[in-house]
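Chains B and F, in that order, give the protein sequences.
Under my numbering, the first residue of the first sequence is numbered 1, with each subsequent residue one higher.
Under my numbering, the first residue of the second sequence is numbered 1, with each subsequent residue one higher.
Glycine included, each C-beta is placed from N, C-alpha and C at the ideal position.
Following: one structure in structure tokens, then a few remarks.
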Amino acid sequence: MLSRPAKRADGRAAYLSTHHCPDEHVIALAGNPNTGKSTVFNALTGLRQHTGNWPGKTVDLAFGRVDLGGRRAVVVDLPGAYSLLACSEDESIARDFLCEQGPDAVVVVVEAGCLERNLSLVLQIIELTPRVIVCVNLIDEANRLGIQVDSEALERELGVPVTLTAASSGRGLDQLKRTVADLIDGRLQPKPLPVAYPPDIEDASRELQSKLPTLPSAVSRRYVALRMLDTDPAIRERIVESIYCRAKSISDRAVSRIPSSAPASRVATESGIDDVLTSRWLGFPVMLALLGGVFWITLVGANYPSALLAKVLFHMEAWLSAAFRAAHAPDWLYGAVVLGAYRTMAWVVSVMLPPMAIFFPLFTLLEDLGYLARVSFNMDWCFKKCGAHGKQSLTMWIDSRPCAEATVHPSAARYCFSRSSTYSATIVTMGSSS
Amino acid sequence: MESDSDREPKARPLTDLPLGQTGVIRSVNATGMVRNRLLDLGFLPGTEVSAVRRAPMGDPTAFRIRGAMLALRAQDSSLVTVTPVDGLQMDAETETGAKTC
């Protein structure tokens, strides 16, 4: 980030030139993994999303447009990150985007039921930019578990606007859009309260800041100074500790828990299911059965719509042929259009469309249920043996399908983590609970 | 904190924490990327961590820490030391944890 800081205007023009008008506002969506960030993204942008390359980077970011009361803005979905201190590639991407692109607003999606952990990322982002909105998502789920989030207390503690949402049911999204519009128009000017580090670190940071050269306007001097300081492991530990300490004190003030009897049984049920899914004896058989079942449904189930599609499309080929003959079209034209283009299209559509239309919804269902994280957990040992990690089992699973083109699907590509396997700590989130 | 070190026998690798048991992290002895990663995920001295379940082949193990469930391989969890907390000491430890956070 520091070696190659793109100027805000340049970077933005470069990013937008391929997809957008330069005067469109850019909203970045950040958050921990498993906070329902994608659901918020989908709810904001509808089904009009695209994947675009970020010039100079080898990553694709999902983006879409949102209507903010008559004005359109671009929403960029950043990869899920626990921290901006950037260890994994996903986290560097999120950090670099925030630093280099200087988005007009950053919506940080946090999980209501797991606020303390999620606040650590929020605290790091408000160090970078004041233009932050915290979206406390999955609020319905948290309320069911007896967890109440006081958004006003949270706003007071963080100094940035907070909205409570349940993106899957649409709750709070209008409020979120209004807040984003207010922030972009300058009607709302957040005054974030960043973490206060121990005095010696703050002093060192101030001294360092005064010696820094001119930085691009989107990059906070304090942030740069702190990142230079935390290359020292001892300082880094104290910085991370201060962040978590502050996150805990904020969460203590903003979150209240009402003990109730109903959720306990639910937690117990979920834990019981996990015991089976990851158990020594049943883990692998259940996994093989489930994944095998998905394969079977995809392969066998696709035959019927495939046959039907082929029948319809080839029937139409006969009509086309008749039409070409009736028009006395030359052979080369008939060959190119009907036997070449149309027949290829008909084969591709009838063979590939049905399996994809069956496989991806099933795959997404397993992902949403959290089963894919359990697969990674179960399979990690086998992958460790060949120097890989469990997340790659999903890449393999997708790649081994008869239609290898499937890997172009965004939800599949999200599992192609092989590039970021440089760190050996295999860390798989199995969903959070409180 | 002082009373902790008097009372607790000694810190053991997180790998040895039996399933269902809770411990308080004493140190993170990893270096480089792994250390940073563990710190970022909240593996900080004074934090409570519980061993929840183990993968079918015995590794990795899922730990509950700061409200989330995270899986660590033995090679990484062996670099974190914890002092186990039993039922009676739990409340006292939680209090200490809150103070040092």
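Per-residue DSSP class, three states only, for residue i
i: histidine 409 of chain B; result: Residue placement at histidine 409 of chain B cannot be trusted, given a pLDDT of 31 that sits under 50; what the coordinates show is reported in the next sentence. Three-state DSSP puts histidine 409 of chain B in coil, outside helix and strand.
i: leucine 308 of chain B; result: helix
i: phenylalanine 63 of chain B; result: strand
i: leucine 215 of chain B; result: coil
i: alanine 51 of chain F; result: strand
i: serine 83 of chain B; result: coil
i: histidine 436 of chain B; result: In the structure as shown, chain B starts at 1 and stops at 434, and residue 436 of chain B therefore has no counterpart that could be examined.
i: alanine 73 of chain B; result: strand
i: serine 38 of chain B; result: helix
i: arginine 374 of chain B; result: helix
i: cysteine 459 of chain B; result: Since the first residue shown for chain B is 1 and the last is 434, residue 459 of chain B is missing from the structure and cannot be characterised.
i: valine 224 of chain B; result: helix
i: glutamine 148 of chain B; result: strand
i: asparagine 137 of chain B; result: strand
i: isoleucine 25 of chain F; result: strand
i: glutamate 24 of chain B; result: coil
i: methionine 57 of chain F; result: coil
Through-space distance from residue j to residue i, alpha-carbon basis
i: alanine 318 of chain B; j: leucine 339 of chain B; result: 11 Å
i: isoleucine 460 of chain B; j: glycine 301 of chain B; result: Nothing can be reported for residue 460 of chain B, as the shown portion of chain B is limited to 1 through 434.
i: isoleucine 126 of chain B; j: asparagine 34 of chain B; result: 21 Å
i: glycine 36 of chain B; j: aspartate 140 of chain B; result: 12 Å
i: arginine 222 of chain B; j: asparagine 118 of chain B; result: 22 Å
i: proline 354 of chain B; j: proline 233 of chain B; result: 53 Å
i: arginine 131 of chain B; j: leucine 183 of chain B; result: 7 Å
i: methionine 228 of chain B; j: cysteine 114 of chain B; result: 30 Å
i: arginine 65 of chain B; j: threonine 364 of chain B; result: 23 Å
i: aspartate 76 of chain F; j: alanine 30 of chain F; result: 8 Å
i: serine 50 of chain F; j: glutamine 209 of chain B; result: 41 Å
i: glutamate 116 of chain B; j: glutamine 21 of chain F; result: 22 Å
i: valine 337 of chain B; j: proline 330 of chain B; result: 11 Å
i: lysine 177 of chain B; j: serine 169 of chain B; result: 15 Å
i: aspartate 274 of chain B; j: leucine 72 of chain F; result: 17 Å
i: serine 88 of chain B; j: leucine 98 of chain B; result: 16 Å
i: leucine 282 of chain B; j: phenylalanine 377 of chain B; result: 14 Å
i: valine 240 of chain B; j: threonine 61 of chain F; result: 24 Å
i: valine 149 of chain B; j: alanine 142 of chain B; result: 9 Å
i: aspartate 40 of chain F; j: arginine 246 of chain B; result: 14 Å
i: serine 151 of chain B; j: aspartate 368 of chain B; result: 27 Å
i: valine 94 of chain B; j: arginine 35 of chain F; result: It is worth fixing the name first, because residue 94 of chain B is alanine in this sequence and not valine. If I take the Cα positions, the gap works out to 21 Å.
i: methionine 379 of chain B; j: glutamate 237 of chain B; result: 32 Å
i: alanine 322 of chain B; j: threonine 344 of chain B; result: 18 Å
Interface flag, residue i vs chain F, CB-CB below 8 Å
i: tryptophan 381 of chain B; result: yes
i: proline 259 of chain B; result: no
i: arginine 280 of chain B; result: yes
i: glycine 438 of chain B; result: The shown model of chain B, from 1 to 434, leaves out residue 438 of chain B, and the question about it has no answer.
i: serine 83 of chain B; result: yes
i: aspartate 275 of chain B; result: yes
i: asparagine 378 of chain B; result: yes
i: lysine 37 of chain B; result: no
i: lysine 177 of chain B; result: no
i: lysine 384 of chain B; result: yes
Rounded Cβ spacing between residue i and residue j (contact assumed at less than 8 Å)
i: glycine 80 of chain B; j: asparagine 32 of chain B; result: 6 Å
i: proline 84 of chain F; j: glycine 23 of chain F; result: 5 Å
i: leucine 313 of chain B; j: alanine 346 of chain B; result: 4 Å
i: cysteine 138 of chain B; j: alanine 166 of chain B; result: As written in the sequence, residue 138 of chain B is leucine, which differs from the cysteine given in the question. About 7 Å separates the two Cβ atoms, so the contact holds.
i: valine 82 of chain F; j: leucine 17 of chain F; result: 6 Å
i: leucine 61 of chain B; j: leucine 84 of chain B; result: Rounded, the Cβ-Cβ distance is 16 Å, inconsistent with contact.
i: threonine 45 of chain B; j: valine 75 of chain B; result: 5 Å
i: arginine 26 of chain F; j: proline 45 of chain F; result: 6 Å
i: leucine 277 of chain B; j: valine 267 of chain B; result: At roughly 15 Å, the Cβ-Cβ gap does not stay under 8 Å, so leucine 277 of chain B and valine 267 of chain B are not in contact.
Interface flag, residue i vs chain B, CB-CB below 8 Å
i: proline 18 of chain F; result: no
i: aspartate 59 of chain F; result: yes
i: proline 13 of chain F; result: no
i: arginine 26 of chain F; result: no
i: alanine 102 of chain F; result: Lying before the first or after the last residue shown, residue 102 of chain F is absent from chain F, which here runs from 1 to 101.
Proximity test, Cβ basis, 8 Å: residue i and chain A
i: isoleucine 126 of chain B; result: Chain labels in this structure do not include chain A; the protein chains are B and F.
Cβ-heavy atom distance, residue i to the ligand PLP, below 7 Å
i: arginine 187 of chain B; result: For the structure depicted, the ligand PLP is absent and the ligand set is empty, with no information on it obtainable.
Problem set entry | Residues of the region 32-46 of chain F with Cβ closer than 9 Å to any Cβ of chain B, in chain order | Gly32, Met33, Val34, Arg35, Asn36, Arg37, Leu38, Leu39, Asp40, Leu41, Gly42, Leu44, Pro45, Gly46
Problem set entry | Members of the region 107-119 of chain B that neighbour chain F once the beta carbon cut-off is set at 7 Å | Cys114, Glu116, Arg117
Problem set entry | Residues from the region 63-77 of chain F in contact with chain B, defined by Cβ distance under 9 Å | Arg64, Ile65, Arg66, Gly67, Ala68, Met69, Leu70, Ala71, Leu72, Arg73, Gln75, Asp76
For this session: With 8 Å as the C-beta to C-beta threshold (strictly closer), list the residues of the region 213-245 of chain B near chain F in chain order.
Result: Pro233, Arg236, Glu237, Val240, Glu241, Tyr244, Cys245
Exercise. Of the residues that make up the region 283-303 of chain B, which ones have a beta carbon closer than 7 Å to any beta carbon in chain F?
Worked result: Within the region 283-303 of chain B, Gly283, Phe284 place their CB atoms closer than 7 Å to a CB of chain F, listed in sequence order.
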